[in-house]
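*Asks:* Dumping the structure here so I can ask a few things about it.
In mature numbering (1 follows the signal peptide of the UniProt record, and there is no 0), the protein residues as written are -19 to -1, 1 to 262.
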């Protein structure tokens, strides 16, 4: 791992000043997607949808019981066979807010799902800020999250990617260190939950993501942006559900063009397969 960043007793070597030189922005139209309903999604439909929309990686939700769940395991194996033919990567998606302190469960999940040899790496969605103790014990949860990522990275050589909110750059993680930089130093890539329905301007995808794109370029880490398609009654400007697929395609093309100014830009991930399919055109 690159980076000297300190959080408690943890040490990570700093990325060299030329870290961005090893990065190249993704071509326009580079897409990934989350697949949460793995047990019910038909693999052939998932792959057909992915191929038609330039999806190069699918984050496949699986739990630690995957090896002992024959029906789901068979479905993921079928998905893997088709993905290999289509040159689409499958990464194991998992995460609970409690993993920030319950490292044993997270490590058990990683061992179980990567042990199937069906995935190229891990993609974790750990959101400790939804826990009640975030206000009272933020420092403890931040420290726990960073240590978790260190342990997951050390436990398996395959790539580790983390979903992060756009505002981690304002959360302290030690003296002179933000949580954004601490996470970037401990994973191979991040996906920013940049859930907005406009490309540029105030409160847009680019507006809320530029900080992490800049930090990712400096750290030498690829940074994907995220686009939401599920209905969100409490945040209609966070999703393309109302606008529909055609409008989303237009906006994401604008994001592609703007984000290419950042070497770390690694394309856009769509959240998520089921709602993307069912949203209006």
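Each residue gets a CB set at the ideal place from its N, CA and C atoms; glycine is no exception.
Between residue 99 and residue 132, what straight-line distance do the alpha-carbon atoms span, to the nearest angstrom?
*Replies:* 21 Å
*Asks:* Can residue 187 and residue 226 be called in contact, C-beta distance under 8 Å?
*Replies:* Contact flag unset, no.
*Asks:* Taking only the alpha-carbon atoms, compute the straight-line gap between residue 124 and residue 142 and give it to the nearest angstrom.
*Replies:* 18 Å
*Asks:* Where does the unbroken alpha helix (DSSP H) through residue 254 begin, and where does it stop?
*Replies:* 254 to 259
*Asks:* For residue 150, tell me which candidate among 118, 189, 137 has the shortest Cα-Cα distance.
*Replies:* 189
*Asks:* Can you grab the Cα-Cα spacing for the pair residue 183 / residue 216, in whole Å?
*Replies:* Cα atoms of residue 183 and residue 216: separation of roughly 16 Å, rounded to the nearest angstrom.
*Asks:* Suppose contacts are defined by Cβ-Cβ distances below 8 Å. Is residue 198 in contact with residue 243 by that definition?
*Replies:* Yes, they are a contact pair.
*Asks:* Mark residue 7 as exposed unless 16 or more other C-beta atoms lie within 10 angstroms of its C-beta, in which case mark it buried.
*Replies:* buried
*Asks:* Going by DSSP in three states, residue 101 sits in which element: helix, strand or coil?
*Replies:* In the three-state reduction of the DSSP assignment, residue 101 falls in the coil class.
*Asks:* Could you give the uninterrupted runs of the beta strand (DSSP E) lying entirely in the stretch 23 to 72, keeping only those of 3 residues or more?
*Replies:* 36 to 42
*Asks:* Do we get a CB-CB distance below 8 Å when we pair residue 82 with the residues of chain B?
*Replies:* As a matter of chain content, chain B is missing from the structure shown, which is built from one protein chain.
*Asks:* Suppose you measure from the CA of residue 61 to the CA of residue 17; what does that come to, to the nearest Å?
*Replies:* 16 Å
*Asks:* Can you check whether the CB of residue 102 is closer than 8 Å to the CB of residue 72?
*Replies:* yes
*Asks:* Please confirm whether residue 74 and residue 106 have their CB atoms less than 8 Å apart.
*Replies:* The answer is yes: Cβ separation under 8 Å.
*Asks:* One question on the structure: do residue 15 and residue 222 come within less than 8 Å of each other, judged by their Cβ atoms?
*Replies:* In this structure, residue 222 does not lie closer than 8 Å to residue 15 by Cβ.
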